[in-house]
Structure formats: structure tokens, C-alpha cells
Amino acid sequence: MAKNMLNMLKKNIGKYQKKQDLELRVQPRANKIRTSSKQITALLRRNNIKQAKELFVEITRDWRSINKAANDSHDLLNLSCYKEAAEEYVEALAYWSFLASVDLSIPEFVRVDTEEVISGICDFTGELVRRAITEASAENIDKIITYKKITEDIVEELTKIRLGKKMRSKYDDAERNLKKLENVIYDIKMKMIRNRSEGGAGE
78 MAKNMLNMLK KNIGKYQKKQ DLELRVQPRA NKIRTSSKQI TALLRRNNIK
128 QAKELFVEIT RDWRSINKAA NDSHDLLNLS CYKEAAEEYV EALAYWSFLA
178 SVDLSIPEFV RVDTEEVISG ICDFTGELVR RAITEASAEN IDKIITYKKI
228 TEDIVEELTK IRLGKKMRSK YDDAERNLKK LENVIYDIKM KMIRNRSEGG
278 AGE
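Numbering (my numbering), first residue to last: 78 to 280.
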């Protein structure tokens, strides 16, 4: 029995060591992807779609490099550094696809788990809030209503599934973002009413 226990320990130590070695190989590249994805999001806030696209091309090389380093290891998707990079990447990709008016598509060579896809799309709603606040005006109200509708659809889809702890937090964030967008629209409409009233009073 003791021999069996020792063999099991050795086997699992070997698996653990392989995972640690994988993390050492992947982490620098994953951190670079995470940082670059954040840079893309910052560029998109300024509508710099062209430069963001160029950075996506650079990230492509990093993803391929990670796949080569991982050598199809199933442990890759469980590494926290990789999961964080994937989530930031999906958020940036969702934002870019929205601004470029193209379908959201994750390249086949990018191995992303479902949680990171959901999380990234939820985080994207925060960028819609940021845009709405920056663009808040009567002239842009139709655009902001579009932002609200997109966020509304995302929140509605999330209500159809049972959510774990992290996903529940992401859902709550998206729901708060929806409320913020509703408030922005309400404030714009109230300002429009006041402006009309003041204009009528001056006639």
C-alpha cells in the first residue's frame, strides 16, 4: 500500500512539474499578449482602428509562439496567466469587431476556453459605457441607444444560463453597465426636453 501511495505521489509530482515548466515557458508571452491587448483597447478608445489592427498582427505571432511552447498541452487553458491574456484579447477583439463593423471571430490557432470568451464580451460592455459618456449629446443619442441595445442583448443571453462565481460577477458588471447606459440616455433626453422648454420660453 505504501509503495502504491509513493508511486501515485511520484506520478503527480511529475505532472505538477510539467505544468510548472509549461507556465515558465508561457508566462512571458502571455503577459505580452495581455499588455498588447490592453494597448489595443486604449487605441480603440481613440478610434485608432488601423494601429490597433497592426498590433493584432503582432499578437498573432505571440499566440503561435505560445502554441509552439505548449505543444498541445491540455494544461495550457488552466494557467492563470494564459486565461488572463485570453480574456483581455477577447475584449479587445470584441471592441475592434464592433468599431470595424465586422463579425466577431476568434482565430483557430487561439485556444480560448468558454469562460474567457464570456468574460471578455462582458468586459467589452464597459467600453461601450466609456464611449457613451464621452459621446453623450443629443446628436449621438441614436449611437448610445445602439450601445444600450448591444449590452441589453448580452445581459439577456447571460440570464439563460446558470453562472458560477466568476461568471456571476461578470454578469453583475454587465448589468451595471446596462444601467449606466440607461442613465446616460435618460440624462440626454432630459437635457433635450429642458433645451426645448427654454427655447420655447424665449420665443
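By construction, the Cβ of each residue, glycine as well, lies at the ideal position given by its N, Cα and C atoms.
Own chain partners of residue i with C-beta closer than 6 Å, once the 5 adjacent residues on each side are dropped
i	result
LYS109	ASP139
ARG111	GLU161, ALA162, GLU165
Span of the alpha helix (DSSP H) around residue i
i	result
SER174	157–177
ASN148	It is not in any alpha helix (DSSP H) - ASN148 carries neither H nor E in the DSSP assignment.
Neighbourhood of residue i by C-beta distance below 7 Å, restricted to the same chain and skipping five residues each side
i	result
ALA177	ILE126
ALA171	LEU181, GLY197, ILE198, PHE201
MET282	Residue 282 lies beyond the range of the chain shown here (78 to 280); nothing can be said about it.
Assigned exposure category for residue i - 16 Cβ within 10 Å defines buried
i	result
SER157	exposed
PHE201	buried
LEU121	buried
LYS257	buried
ASN263	At residue 263 the sequence reads Tyr, which differs from the Asn that was named. TYR263 comes out exposed.
LEU83	exposed
Own chain, CB closer than 8 Å to residue i, minus 5 neighbours either side, in chain order
i	result
PRO184	THR137, TRP140
LEU132	SER113, GLN116, ILE117, LEU120
ASN124	LEU176
GLU259	LYS225
CB of residue i within 7 Å of CB of residue j, strictly
i	j	result
GLY203	ASN254	yes
MET269	ALA215	yes
ASP152	LEU101	no
VAL167	VAL194	yes
SER246	ALA169	no
LEU235	TYR224	no
LEU154	ASP190	yes
ILE227	ALA209	no
TRP173	ALA129	yes
Quiz item: What are the start and end residues of each continuous alpha helix (DSSP H) run of 4 or more residues lying completely inside the region 165–246, in chain order?
Solution: 191–212, 218–235
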